[in-house]
Amino acid sequence: MTLKQVLGRAREALARNRIEEAHLEAEVLLRHALGIDRARLYTELRNELSAGQEEEIWALVQRRLSGEPTAYITGHREFYGLDFYLDRRVLIPRPETELLVARAIELVQTSTTAIIADIGTGCGNIAISLALNLPRVKIYATDMSADALEVAHINCQKHGVAGRISLLHGDMLVPLPGPADLIVANLPYVTSREIAKSGLSDFEPRVALDGGEDGLDRIRRLCQQAAGKLKPGGGILLEIGQGQGWVVTDWLQRHFPSASLEIIPDLQGIERVISLRLTPDQPDAKLFVWTPAAIL
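Numbering-wise, the sequence shown is residues 16 to 311 according to our numbering.
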């Protein structure tokens, strides 16, 4: 059977089982099985595959049909234009989290920020993306999972930033050696009920997804811990889920009554990032909700 024929059948199998982007996923699985890039895939479509190659490809397709994410099958995921190693010890980075990174870069480039804390770093995708785009910044990356930090270490070495990112084991902000200029966090914000219904934790670590009954357990604790871990004039960037913006901003206003707050939507218009900036000379907190007009 030729590569083209196997690719077509893999696409059909994935599409029949309602796998989103079946065309692309089949391509990724074949490239991984054969150890070739996209250019070679399309220049070798007429090549005959060996029985062993076909068997390996179909084994990967079956894993995908069983629900295993492609990122775990291949051990790779692209995020912010970078390739990250992944396994089941860490959450798979989502595209919407790139908004968090972009906002952090924007804030740091217009300030004197020297220390960033990435809380709940997982595979290290946020910390590493920031380190590569902000070469003068020192970054602390914390995680309560020692397994996750092992994956983050692999990625730090892969991208050559191990000397600029300190990986710290512990509960959120507790391991930080001192206050940071900017705290960045993509903490669990899915409710326990949603996880149970969707089966999200069948492959990904539940601790990295489960935000408790209302989805906000970890975010609530970060708001409580942040006061002693943020420098004067510092900031916080939090990724949140749909409908959580006003609740989280209310908590932040209670802990930081003189702060400026923004709620920033993603490309689908869903509230995705909360940005807090400490302004000691400002007596009252101000809340600004970004709209398409404001973005323009």
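Every residue gets a Cβ at the ideal spot worked out from N, C-alpha and C, and that includes glycine.
Is E254 buried or exposed, if buried means 16 or more other CB atoms sit within 10 Å of its CB?
Its Cβ being crowded by 16 or more others within 10 Å, E254 is buried.
Note down, one range per segment and in chain order, each alpha helix (DSSP H) of at least 4 residues found wholly within the stretch 101–176.
-> Runs found: 113–124, 140–148 and 161–173.
>> Considering only their Cβ atoms, is the gap separating D281 from E121 smaller than 9 angstroms?
In response: Going by C-beta atoms, E121 is not nearer than 9 angstroms to D281.
C-alpha gap between W305 and E277, whole angstroms:
Only weak support is given to the placement of W305: the predicted model assigns it a pLDDT of 44, under 50, and the value that follows is read from those uncertain coordinates. C-alpha separation (whole angstroms): 7 angstroms.
Can you say whether A16 is buried or exposed, counting buried as having 16 or more other CB atoms within 10 angstroms of its CB?
-> At residue 16 the sequence reads Met, which differs from the Ala that was named. By the neighbour-count rule (16 or more Cβ atoms within 10 Å), M16 is not buried but exposed.
task = Measure the beta-carbon distance from A25 to L45 and round it to whole angstroms, keeping in mind my assumption that it falls under 8 angstroms.
result = 6 angstroms
Q: Can you say whether N170 is buried or exposed, counting buried as having 16 or more other CB atoms within 10 angstroms of its CB?
A: buried
Cβ contact check for the stretch 145–157 and the stretch 125–137: 3 or more pairs under 8 angstroms
Contact between the stretch 145–157 and the stretch 125–137 is present: three or more C-beta pairs spanning the two stretches fall below 8 angstroms.
Return the first residue and the last residue of the alpha helix (DSSP H) that D196 is part of.
No alpha helix (DSSP H) holds D196; the beta strand (DSSP E) holding it covers A195 to A200.
* Asked: Should E36 go down as buried or exposed, given a rule of 16 or more other Cβ atoms within 10 Å for buried?
  -> Under this definition E36 is an exposed residue.
* By how many angstroms is the C-alpha of D98 removed from the C-alpha of H91? -> Rounded to the nearest angstrom, the gap between the Cα atoms of H91 and D98 is 7 angstroms.
- [ ] Pick helix, strand or coil for L22, following the three-state DSSP scheme.
- [x] helix
Query raised in the report: Touching or not, the stretch 166–184 and the stretch 134–147, by the rule of three or more beta carbon pairs under 8 angstroms?
Result: yes
Supposed contact pair L191 and L183 - C-beta distance, whole angstroms, cut 8 angstroms: 7 angstroms
- Hey, quick one: how far does the beta strand (DSSP E) through I34 stretch, first residue to last? I34 -> no beta strand (DSSP E), and no H or E assigned at all.
As a quick exercise: from L252, D186, D162 and E228, pick the residue whose alpha carbon is nearest that of L197. L252
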